[in-house]
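Visitor:
Numbering (my numbering), first residue to last: 8 to 441.
#1: Below 8 Å on the Cβ atoms is my guess for residue 184 versus residue 214; work out the distance and round it to an integer in Å.
#2: Would you kindly report the start and end of the unbroken alpha helix (DSSP H) that includes residue 433?
#3: Count the other C-beta atoms from every protein chain shown that fall within 10 angstroms of the C-beta of residue 78, then say buried if there are 16 or more, exposed otherwise.
#4: Thinking C-beta only, is residue 340 closer than 8 Å to residue 346?
#5: Across the stretch 291 to 301 and the stretch 349 to 361, are there enough close Cβ pairs to call them in contact, namely three or more that are closer than 8 Å?
#6: Along the alpha helix (DSSP H) that carries residue 126, what are the first and last residues, could you check?
#7: Cβ of residue 420 within 8 Å of Cβ of residue 362?
#8: Let's see if you can read the secondary structure: which residues bound the alpha helix (DSSP H) around residue 23?
#9: Is the Cβ-Cβ distance between residue 293 and residue 281 less than 8 Å?
#10: Do residue 273 and residue 253 have their CB atoms nearer than 8 Å?
#11: Does the separation of the CB atoms of residue 412 and residue 370 fall below 8 Å?
#12: Between 431, 73 and 314, which lies nearest to residue 266 when the distance is taken from Cα to Cα?
#13: Which class does residue 139 belong to by DSSP, given the choice of helix, strand or coil?
#14: Using DSSP with H/G/I as helix, E/B as strand and the rest coil, what is residue 339?
#15: What beta strand (DSSP E) runs, 3 residues minimum, are completely inside the stretch 288 to 332?
#16: For the beta strand (DSSP E) containing residue 216, name the first residue and the last one.
#17: Hey, quick one: how far does the beta strand (DSSP E) through residue 365 stretch, first residue to last?
#18: According to DSSP, is residue 210 helix, strand or coil?
#19: Can you confirm whether residue 197, when its beta carbon is compared against all beta carbons of chain C, has any partner nearer than 8 Å?
#20: How long is the line joining the alpha carbons of residue 100 and residue 204, rounded to whole angstroms?
#21: I'd like the list of long-range same chain contacts for residue 284, defined as Cβ closer than 7 Å, with 5 residues on each side in sequence excluded.
#22: Could you check which residue in 290, 344, 338 and 302 has the C-alpha nearest to that of residue 332?
#23: Can you tell me where the alpha helix (DSSP H) holding residue 424 begins and where it ends?
#24: How is the alpha helix (DSSP H) around residue 199 delimited, first residue to last?
#25: For residue 36, tell me which candidate among 56, 47, 116 and 43 has the shortest Cα-Cα distance.
#26: Residues in its own chain within less than 7 Å of residue 303 by CB, not counting five upstream and five downstream?
#27: For residue 150, which residues from the same chain have a beta carbon less than 6 Å from its beta carbon, with the 5 sequence-adjacent residues on both sides left out?
#28: Consult DSSP for residue 81 and reduce its assignment to one of helix, strand or coil.
#29: Return the residue from the list 127, 236 and 178 that minimises the CA-CA distance to residue 197.
#30: Please state whether DSSP places residue 272 in a helix, a strand or coil.
#31: Sort 75, 40, 62 and 310 by Cα distance to residue 30 and report the nearest one.
#32: How many angstroms separate the CA atom of residue 393 from the CA atom of residue 381?
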C-alpha cells in the first residue's frame with residue numbers, strides 16, 4: 008500500500024469518503040474484468056459498474072453471502088493460479104471449508120494493515136512482541152501479525168499458542184514488552200504464574216493485544232474478561248476485530264472507544280434486518296467491501312457479525328469510523344423466554360463467576376419451535392451453597408432470564424470443547440433446526 012494513505016484517518020470525513028469512492032471504482036472495474044462470480048452477478052442484475060460512483064450507489068448491488076463463497080469458491084478467484092503464493096482456509100456454515108488465495112500484493116496489503124494497526128497500540132521499532140498464535144494450519148491471522156510486525160520493524164518471538172510453561176520461560180529469557188494472544192489465555196497464564204511463584208506483575212510485559220475475543224462491552228467498558236485481566240495484571244489492554252474474509256483489522260487506539268477503520272482497505276456498512284443502513288450507534292450486521300485485494304476480493308459481503316459504527320472524531324484525533332465490540336453472530340441470536348440474547352452476553356456472566364472452571368453452551372429447538380438454552384459448567388471445587396441456583400440468579404440479574412444449568416466434570420468438558428482439529432476452544436453448540 009502507498010505511503011500517501013498514511014494519514015488518511017486524520018483527514019476530514021469528506022476526504023476519507025472521496026478516497027474510498029476512488030478506490031471502490033477501481034475495485035469494481037477490476038471485478039468486472041477478472042471475477043467470474045461478480046461478472047455473472049452484474050449481468051443477472053443489469054448492473055453497470057461505471058454508474059456506481061458513490062458509497063450510496065453501492066446499495067444497488069446485491070449482497071454476497073457466505074454460502075456463495077462455499078458453493079462457488081473458485082469463481083471468486085481473479086488471478087492466474089500461478090500468481091497465488093499462499094492458500095488460506097476458513098470453515099463455513101455449510102460445513103465445507105472456504106479457500107482464500109493470496110497474491111504477493113495481497114500479503115503486502117496484509118502486512119500494511121497490521122503494521123498500521125500495531126501503531127495504534129503504541130508499537131514502534133524497538134518493541135518486542137511475543138506472538139502466541141499459530142502460524143500454521145492454513146491460518147491467516149498468525150501470518151498477518153508476523154508480516155505486520157516485521158514490516159513495522161518490531162522484534163517478534165514466535166512461540167505459538169498454549170503451553171503456559173513455555174510462554175513464561177520465553178518471557179523470562181527474552182523479556183517481551185507485548186503479548187498477542189486470545190485474551191482468555193491470559194487468565195491461564197496468570198493462574199500458572201500464581202501456582203509457580205512467578206512474579207508476573209513485575210515482568211517485562213506492559214501491553215496485551217487481544218484477538219478472537221472481546222474485552223469490552225458495547226459501551227466500551229471492560230467486560231468481565233477484561234476486568235479480570237486488568238484486576239490481576241495492570242497492563243495496557245488493546246482489542247482487535249478482524250476476519251479472513253476482509254483481510255483487514257479494526258484496532259483500538261489508547262482510548263479504547265472502538266476499532267478504527269482503515270478507509271483505504273475496506274468499505275463498511277452496518278445493515279438492519281431489512282438490508283438498509285441503520286443509524287450511527289445502532290447495532291446491525293457488518294457488511295464489508297474489500298479495497299485493493301487482488302486474489303479474491305469481496306463486494307458487499309455479509310460477515311454475520313453484529314456491531315455498531317460511530318462516526319464522531321476520536322480523542323486520538325482520528326476521524327475514520329470506529330466499530331463497536333462485536334455483540335454476537337447474527338445466526339447465533341437466541342430468542343429465549345421472550346428475550347433476545349447473543350452468546351457473548353452469556354459468556355460474560357460465566358467468565359465473571361469464580362467457581363466456574365469451564366463451560367459450553369448448547370442451543371436447540373423445542374417441540375414448540377422455540378429456542379432452548381442449556382449451559383453446562385465444570386466447577387472448580389465443592390461449595391457450601393447451591394451453584395446452580397446461584398448461577399441462575401446471576402443470569403437473571405444480567406440478562407433477565409435463567410437458562411437451564413447442567414454440571415459435568417472439568418476434564419469431560421475440556422474434551423468436548425477442545426476437538427482435535429479446532430484452532431481454539433469450542434464453547435457454543437448450536438443445534439437448532441435451520
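A virtual CB, placed ideally from N, CA and C, is assigned to each residue, including glycine.
Guide: Walking through what the data contain:
#1: Between residue 214 and residue 184 the Cβ distance is about 6 Å, and since that is below 8 Å, they are a contact.
#2: Counting along the chain, residue 433 falls outside any alpha helix (DSSP H), and DSSP gives it neither H nor E.
#3: Exposed, since its Cβ has fewer than 16 Cβ neighbours within 10 Å.
#4: Not a contact, by the Cβ cut-off of 8 Å.
#5: No, the stretch 291 to 301 is not in contact with the stretch 349 to 361.
#6: First-last of the alpha helix (DSSP H) with residue 126: 111 to 127.
#7: If you check the CB distance, residue 420 and residue 362 do not come in under 8 Å.
#8: Its alpha helix (DSSP H) spans residues 20 to 41.
#9: No, these two residues do not count as a Cβ contact at 8 Å.
#10: Going by beta carbons, residue 273 and residue 253 fall inside the 8 Å limit.
#11: Against a cut-off of 8 Å, the Cβ pair of residue 370 and residue 412 comes out as no contact.
#12: Ranking the options by Cα distance to residue 266, first place goes to 314.
#13: Per DSSP, reduced to three states, the secondary structure at residue 139 is coil, with no helix or strand assignment.
#14: In the structure shown, residue 339 falls within a helical segment according to DSSP collapsed to helix, strand and coil.
#15: Within the stretch 288 to 332, the runs of beta strand (DSSP E) that reach at least 3 residues and sit entirely inside it are, in chain order, 291 to 297 and 308 to 314.
#16: Residue 216 -> beta strand (DSSP E) spans 214 to 217.
#17: Counting along the chain, the beta strand (DSSP E) containing residue 365 begins and ends at 363 to 372.
#18: DSSP places residue 210 outside both helix and strand once states are collapsed to three, so it counts as coil.
#19: Absence of chain C from the displayed structure is noted, only one protein chain being present.
#20: Low local confidence applies: a pLDDT of 42 at residue 100 is under 50, so the model's placement there is unreliable, with the coordinate-based value given in what follows. Approximately 44 Å between the Cα atoms of the pair.
#21: For residue 284, where only same-chain residues beyond five positions count, the Cβ hits under 7 Å are 276, 277 and 278.
#22: Checking every option, the nearest Cα to that of residue 332 belongs to 290.
#23: 417 to 424 is the span of the alpha helix (DSSP H), which, as asked, contains residue 424.
#24: Looking at the DSSP string, the run of the alpha helix (DSSP H) that includes residue 199 is 190 to 202.
#25: Of all alpha-carbon atoms in 56, 47, 116 and 43, the one lying nearest the alpha-carbon of residue 36 is that of 56.
#26: Closer than 7 Å at Cβ, skipping near neighbours: 83, 84, 85, 107 and 108.
#27: Once the five neighbours on either side are set aside, the close Cβ partners of residue 150 are 142.
#28: Three-state result, residue 81: helix.
#29: Ranking 127, 236 and 178 by Cα distance to residue 197 puts 236 first.
#30: Here residue 272 sits in coil by DSSP.
#31: With distances taken between Cα atoms, residue 30 lies closest to 62.
#32: When only Cα atoms are considered, residue 393 and residue 381 end up about 17 Å apart.
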